[in-house]
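> This is the structure I want to talk about, given as structure tokens.
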Amino acid sequence: MATCEDILPCVPFSVAKSLKSLYLGRMFSGTPVIRLRFKRLQPTRLVAEFDFRTFDPEGILFFAGGHRDSTWIVLALRAGRLELQLLFNGVGRVTSSGPVINHGMWQTVSVEELERNLVVKVNKDAVMKIAVPGDLFQLDRGLYHLNLTVGGIPFKEKDLVQPINPRLDGCMRSWNWLNGEDTTIQETVKANAKMQCFSLTEKGSFFPGSGFAFYSLGYVRTSLDVGTETTWEIEVEARIRPAADTGVLLALWAPDHRAVPLSVALVDYHSTKKLKKQLVVLAVESVALALMEIKVCDGQEHVVSVSVREDEATLEVDGTKGQSEVSAAQLQERLAALGRHLRDPVLTFIGGLPEVPVTSAPVTAFYRGCMTLEVNRRPLDLDEASYKHSDITAHSCPPVEPAAP
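Dropping the structure here:
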């Protein structure tokens, strides 16, 4: 593309936020989104209740207790079920029970400290009852103290009883910490749209057209029988619901060479035929290997499949094979160049590229829309990325706005 143009959204997504909601996935660092400190003159018991919605299978809902080595509890999600981690006087326990709750619908979750018991409920039904040897509020200098953090913990996850990925793309509303004594959270959330959730969500990851995620993935395999014989393959399946017709779906970035060895992207222009057309392009560096037409702006999900090996490169959109743009000799030359890049470290970028010259690849713009990815037959979880822009939601995507009647 010789000139720069604005990328106009062609499919409107319902990105309205709910003022009365708290988004737990804002911090990619896994640090809490809310921190509260309670001090009481009298012995007090923990009561926490909230409505909760997520598609994410793993992450931290809240922490309550003292410092890392004293007494605390963490309510988390693992494999879609609630998990309670406890540390009382240096002795740790982990309990998991109850239904799978990462189905994307609202449910009420509560944790209550009773006489020497902790009771966890989902929709008013007790799913865990755990005997505990002490109280969460700790007496210090005449006052009973409790720290409470939401969406993360106040120490490193390796110091949990059982480590967990703390990042949770989830939403809370109607929260009630210690019988509704706190109103400051509501005011803080109302004033900051980034702390609010989308009103409506579906499964998937949402890329707002700003920022990217990246992973450190290897594509080269050494065969065990020969010892030094190496092969490589890159297989990508992207399920996309685009909001705009231009943007990088996936690209490899070679930091040592400041090159883009491979990219898969949406483009609105056929550079050799000089035609405005909605296409998916598969490229090595700036050379397009294959192109395939795609109806980007129909609001439907499309499947983009890419398979690249030492001797072949294929691109498919919704099961239809793309058109090759290079001769057999050019293809071999490009694939050899890609193979050389793969011997050095490469980073796998999703949804965009870092600052690179626009001539590095056919498209360098950020992707906007919904997308889920598999790379070499493994689903990519954005919570597991080396880095993710905080505006990208890892497990939820707003729906396409219904067409006006």
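Residue numbers (the UniProt record's numbering): 1 to 405.
For each residue, glycine too, the CB sits at the ideal point set by N, CA and C.
Tell me the DSSP bridge mates of Ala79?
Partner(s): none; Ala79 has no beta bridge.
> Threshold first: 3 residues or longer. Then list the beta strand (DSSP E) segments lying entirely within the stretch 14 to 73, N to C.
If we require 3 residues or more, the beta strand (DSSP E) runs fully inside the stretch 14 to 73 come out as 21 to 23, 34 to 40, 47 to 54 and 59 to 65.
> Please classify Val119: does DSSP put it in a helix, a strand, or coil?
Strand, per DSSP.
> For Asp125, which option in Cys197, Gly92, Glu58 and Glu49 has the closest C-alpha, if you only look at C-alpha atoms?
Of the candidates Cys197, Gly92, Glu58 and Glu49, the one whose C-alpha sits nearest the C-alpha of Asp125 is Glu49.
> Looking only at DSSP bridge pairs, what is His145 linked to?
Looking at the DSSP assignment, His145 forms a beta bridge with Lys39 and Gln138.
> Return the chain-ordered list of same chain residues with a C-beta closer than 8 Å to the C-beta of Phe88, the five sequence neighbours on each side being excluded.
Once the five neighbours on either side are set aside, the close Cβ partners of Phe88 are Thr71, Val132, Pro133 and Gly134.
> How would you label Tyr23, buried or exposed, when you count the other beta carbons within 10 angstroms and need 16 or more for buried?
Label assigned to Tyr23: buried.
> Would the beta-carbon of Cys10 fall within 9 Å of that of Glu202?
No; because the gap between Cβ atoms is not below 9 Å, this pair is not in contact.
> Just the Cα atoms here: how many angstroms apart are Glu237 and Phe28?
Answer to the nearest angstrom: the Cα atoms are 25 Å apart.
> Using a 10 Å radius around the Cβ and a threshold of 16 neighbouring Cβ atoms, would you call Pro163 buried or exposed?
Classification of Pro163: exposed, given that the 10 Å Cβ count is below 16.
> Taking the straight line between their C-alpha atoms, what separation do you get for Arg141 and Arg37?
Roughly 15 Å between the two C-alpha positions.
> Evaluate Gly92 with the Cβ neighbour count: other Cβ atoms within 10 Å of its Cβ, from every protein chain shown; 16 or more gives buried, anything less gives exposed.
By the 10 Å Cβ count, Gly92 comes out exposed.
> Could you tell me the distance, in whole angstroms, from the CA atom of Thr108 to the CA atom of Val400?
The alpha-carbon atoms of Thr108 and Val400 are separated by roughly 27 Å.
> Between the beta-carbon of Arg239 and the beta-carbon of Val287, is there less than 9 Å?
Cβ atoms of Arg239 and Val287: not closer than 9 Å.
> Under 8 Å by Cβ, that's how I've got Leu82 and Ile101 pegged, so tell me the actual separation to the nearest angstrom.
Going by Cβ atoms, the distance from Leu82 to Ile101 rounds to 7 Å, so yes, they are a contact pair.
> Pro402: buried (16+ other C-beta within 10 angstroms of its C-beta) or exposed?
That one is exposed.
> Just checking my contact of Ile234 with Val308 at CB under 8 Å: how many whole Å lie between their CB atoms?
Right, the Cβ-Cβ distance comes to about 5 Å (below 8 Å), so this counts as a contact.
> Can you say whether Met128 is buried or exposed, counting buried as having 16 or more other CB atoms within 10 angstroms of its CB?
Burial call: buried.
> Would you check if the stretch 323 to 332 and the stretch 299 to 308 touch, i.e. whether three or more CB-CB distances between them fall below 8 Å?
No: the two stretches stay apart, fewer than three of their Cβ pairs being nearer than 8 Å.
> For the stretch 109 to 117 against the stretch 149 to 164, are there 3 or more C-beta pairs whose distance is under 8 Å?
At 8 Å Cβ cutoff, the stretches do not touch.
> For Val303, collect the residues of the same chain with a Cβ closer than 6 Å to its Cβ; drop the 5 residues on either side in sequence, then sort them by chain order.
These residues qualify, in order along the chain: Arg239 and Asp318.
> Please go through the same chain and pick out, in chain order, the residues whose beta-carbon is closer than 7 Å to the beta-carbon of Thr230, but skip the five residues on each side of it.
Result list for Thr230: Val220, Arg221 and Thr222, in chain order.
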